[in-house]
Amino acid sequence: MNDKKHLGHQAKKRFGQNFLHNEAVISDIVDAINPEPGENLIEIGPGLGALTEPVIERAGKISVVELDRDLAHRLRHHPFIAKDLTIYETDALKFDFAELASEEKPLRIFGNLPYNISTPLIFHLLTFKDKVQDMHFMLQKEVVERMAAGPHCKAYGRLSIMTQYQCQVFPVMEIGPEAFKPAPKVDSAIVRLIPHAHIANPVKDINALNTICLAAFNQRRKTIRNTFKKLISEAQLTALNIDANLRPENLTLDEYIKLANFIVDNPPEVAPVKEKRHMAKNKIAQRANNKAEEDSAPEAE
């Protein structure tokens, strides 16, 4: 028995495909999304339509973004819902979601996101936050915990700060591996993101906030005296009333905003902080492995 095949489709690791099949879980997720007729609903990665069909039953027409050409073909020829779908066969990481938004109909985005690209996809989607009403995503449980984490916690990091600066974060429910086929090796969770209508303490440049976070959490075990030494001196930290002996996980969101605004006003004479080199190498290796697996995988039915 091939555990990676569901409803005649061979799950492709390259696309991070794990298909929901538990009807009770599906019903709970749709209840959490609470789709209504006339809303501007966009699903990322509809797959075999586990969420798509019940959402259409409640809301009528929706748009979907699907990269897998085999699944896009299935949806175009679906006997019941094809007429209610607008299908964008493209990579969600490159898709301009602003094209689908209007002032009258902000975006309501949802989906079971591929876990192997979930973090960069979240960052991409946050660039459209001004056009979004809310977002509901199935993610790895650990990622949801990181998004919702506060200071003084190991889960707290760049994803926590960048997400919470732009959105309210509400963990909704946890889901075990048995709800999927093939079953992932991790637990999953649903998160609700609601973009802030107004940011009380705005950062002058969100790229500066990202730079500060990268500098901090690339070396999270060190004190900020060391992690920020190429961006902000110890004397400058003291002038900002921030203890240089703290570690990155001990700073609040407002303190990160203060630091970001400082480097906007006092640009350091160094190149922007980048991801660790070993992280980049790992990503290249992972892409190569995924491509090799895809080339050797049997065709979908």
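First residue of the sequence shown: 1, per the UniProt record's numbering; consecutive thereafter.
Note that CB positions come from ideal geometry on N, CA and C, so glycine has one too.
How many Å lie between residue i and residue j at the Cα?
i, j, result
"A59", "C167", "25 Å"
"S188", "P171", "11 Å"
"N201", "N261", "11 Å"
"E37", "S27", "Looking at the sequence shown, residue 37 is not Glu but Pro. Answer to the nearest angstrom: the Cα atoms are 17 Å apart."
"P195", "T86", "25 Å"
"I224", "T163", "21 Å"
"I212", "F128", "22 Å"
"P182", "I33", "24 Å"
"E174", "E142", "11 Å"
"N226", "S160", "21 Å"
"E99", "T119", "22 Å"
"K105", "F97", "13 Å"
"R277", "Q219", "Because R277 carries a pLDDT of 48, less than 50, the predicted location of this residue cannot be relied on, and no value is offered for it."
"E269", "V203", "20 Å"
Below 8 Å on the Cβ atoms is my guess for residue i versus residue j; work out the distance and round it to an integer in Å.
i, j, result
"V65", "A92", "5 Å"
"L253", "Y165", "6 Å"
"F217", "R158", "5 Å"
"V264", "D205", "5 Å"
"I29", "E43", "Not confirmed; about 11 Å, so no contact."
I need the boundaries of the alpha helix (DSSP H) containing residue i, first residue and last residue.
i, result
"P54", "T52 to A59"
"S27", "E23 to I33"
"S118", "S118 to L126"
"Q133", "No alpha helix (DSSP H) holds Q133; the beta strand (DSSP E) holding it covers V132 to Q140."
"A209", "For the record, residue 209 in the displayed sequence is Leu; it is not Ala. Unbroken alpha helix (DSSP H) run through L209: I206 to F217."
"residue 302", "Because residue 302 is not part of the residues shown, which for the chain are 1 to 301, the question remains open."
Is it right to say residue i is buried, meaning 16 or more other beta carbons lie within 10 angstroms of its own, or is it exposed?
i, result
"E249", "buried"
"H198", "exposed"
"D68", "buried"
"P46", "buried"
"R221", "exposed"
"P35", "buried"
"N40", "buried"
"T238", "exposed"
Answer with yes or no whether the minimum CB distance from residue i to chain D is below 9 Å.
i, result
"V172", "Protein chains in the displayed structure number just one, and chain D is not present."
From which residue to which residue does the beta strand (DSSP E) around residue i run?
i, result
"Q189", "Just to set this straight, residue 189 is Ala in the shown sequence, not Gln. From DSSP, the beta strand (DSSP E) with A189 extends over S188 to P195."
"R108", "L107 to N112"
"N85", "In the sequence as presented, Asn is not what sits at residue 85; that position holds Leu. First-last of the beta strand (DSSP E) with L85: L85 to Y88."
"C167", "C167 to I175"
"L253", "Careful: L253 lies outside any beta strand (DSSP E), inside the alpha helix (DSSP H) at L253 to D265."
"L41", "N40 to I44"
"A62", "It should be pointed out that residue 62 corresponds to Ile in this sequence rather than to Ala. Here the beta strand (DSSP E) through I62 covers I62 to V65."
How about the stretch 66-83 and the stretch 139-155: do they share at least three Cβ pairs that are nearer than 8 Å?
no
Using a Cβ distance threshold of 8 Å, determine whether the stretch 110-118 contacts the stretch 131-142, with at least three qualifying pairs required.
yes
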